[in-house]
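For the sequence shown, counting from 1, position 150 maps to 588 in the working numbering; every step adds exactly one. The beta-carbon is built from N, C-alpha and C at its ideal position, and this holds for glycine as well. Worksheet for the structure shown next.
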Amino acid sequence: PDSSRERLLDALARQQSRVVMVGVDGQERLFILEPVSLANGSLIASISAPLGSIMQEIEHAFWRRVVVLLATFGISLALAYRFLFKSLKGWLDNINRAAERVTSGNLEARLIEENIPDELATLNQRFNNMVCTLQRQVGEIQDSEERYRALFQGSHCVMLIIDPVSGVIVDANKAAASYYGWSHEQL
């Protein structure tokens, strides 16, 4: 009790509004001190609560906030997975399947450009443009090969295609077969 009295007097001298002292019941308590205006501030009203229960309440409030924070974080992750990751993964799966079709020679493969986020629609459009360009270039190469083949086969000049490394005749036209007197297969 003497140490509690000293703490009280020290808190009053310093004009503090809180002090921790041992109460009449022997428990450490937090006392809230408030001057009363009726007695020109010379009368002090105090309210106390056991320090242990205050700490318990603070601890419970802390853990409630931690649980709410963790729940909010978990819900945020679930929503991010649902709306971001799953959409992005679906888009990546679609683009991978389309790329596999193009790689296997199917130049008709296209990706959708509607009802998806703008950034993904732009990437899909670029992919589709690239496949269209590839399809056009393959068509041009095939046309060029057909013209070359017709020129090669239809020419009256003797023409042979010889591998420069091995010296093997790779192809010969009809004029060469006729000139050398061998069949096309023999040349």
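- Task: Tell me residue 460's beta-bridge partners as DSSP assigns them.
- Result: Position 22 of the sequence shown, counting from 1, holds the residue named residue 460. Beta-bridge pairing links residue 460 to 466.
- From residue 552 to residue 532, what does the alpha carbon distance come to, in whole angstroms? Numbered from 1 along the sequence shown, position 114 holds the residue referred to as residue 552. Numbered from 1 along the sequence shown, position 94 holds the residue referred to as residue 532. C-alpha of residue 552 to C-alpha of residue 532: approximately 14 Å in a straight line.
- Message: Please state the DSSP three-state secondary structure of residue 440.
- Response: Counted from its first residue, the sequence shown places residue 440 at position 2. Helix at residue 440.
- Query: Which ranges does the alpha helix (DSSP H) cover as unbroken runs of at least 4 residues, wholly within the segment 513-601, from first to last along the chain?
  - Reply: Those alpha helix (DSSP H) runs which fall completely within the segment 513-601 and span 4+ residues are 524-541 and 556-592.
- Item | Nonlocal neighbours in the same chain, by C-beta distance under 6 Å from residue 447, ignoring five residues either side | The sequence position of residue 447 within the sequence shown is 9, counting from 1. The answer is none, since no qualifying residue turns up.
- Query: Given residue 622, which residues of its chain have a CB within under 8 Å of its CB, disregarding the five upstream and five downstream residues?
  - Reply: Position 184 of the sequence shown, counted from the start, is the residue given in the question as residue 622. Beyond the five residues adjoining it in sequence on each side, residue 622 comes within less than 8 Å, by CB distance, of 610, 612 and 615 in the same chain, given in chain order.
- residue 498 to residue 450, Cα distance in whole Å? Position 60 of the sequence shown, counted from the start, is the residue given in the question as residue 498. Position 12 of the sequence shown, counted from the start, is the residue given in the question as residue 450. Straight-line Cα distance between these residues: approximately 31 Å.
- Query: Using the rule of at least 16 other Cβ atoms within 10 Å of the residue's Cβ for burial, across every protein chain shown, is residue 504 buried or exposed?
  - Reply: For this step, residue 504 is matched to residue 66 along the sequence shown. It counts as exposed.
- Host alpha helix (DSSP H) of residue 616 (start-end): Here residue 616 is taken as the residue at index 178 of the sequence shown, counted from 1. Counting along the chain, the alpha helix (DSSP H) containing residue 616 begins and ends at 612-618.
- Exposed or buried, residue 529, counting other C-beta atoms within 10 Å across all chains shown (16 or more means buried)? Position 91 of the sequence shown, counted from the start, is the residue given in the question as residue 529. By the neighbour-count rule (16 or more Cβ atoms within 10 Å), residue 529 is buried.
- Message: Does the contact criterion of 3 or more C-beta pairs under 8 Å hold for the segment 596-608 versus the segment 558-578?
- Response: For the pair of segments examined, the segment 596-608 was found not to touch the segment 558-578: the number of CB pairs separated by less than 8 Å stays below three.
- Query: Where does residue 497 fall in DSSP's three states?
  - Reply: Along the sequence shown, one-based indexing puts residue 497 at 59. Under the three-state reduction of DSSP, residue 497 is assigned to helix.
- Cβ of residue 474 within 8 Å of Cβ of residue 483? Mapped onto the sequence shown, residue 474 falls at position 36. Mapped onto the sequence shown, residue 483 falls at position 45. Yes, the Cβ-Cβ distance between residue 474 and residue 483 is below 8 Å.
- For residue 480, the residue or residues it bridges with in DSSP: The residue you call residue 480 lines up with position 42 of the sequence shown. According to DSSP, which records beta bridges pairwise, residue 480 is partnered with nothing at all.
- Task: Identify which residue in 443, 517, 453 and 489 has its Cα closest to the Cα of residue 465.
- Result: Here residue 465 corresponds to residue number 27 of the sequence shown, with the count starting at 1. Here the closest residue by C-alpha is 489.
- How big is the Cα-Cα spacing for residue 595 and residue 618? What you label residue 595 is simply residue 157 of the sequence shown in a count that begins at 1. What you label residue 618 is simply residue 180 of the sequence shown in a count that begins at 1. Linking residue 595 to residue 618 through their CA atoms gives a straight-line distance of about 12 Å.
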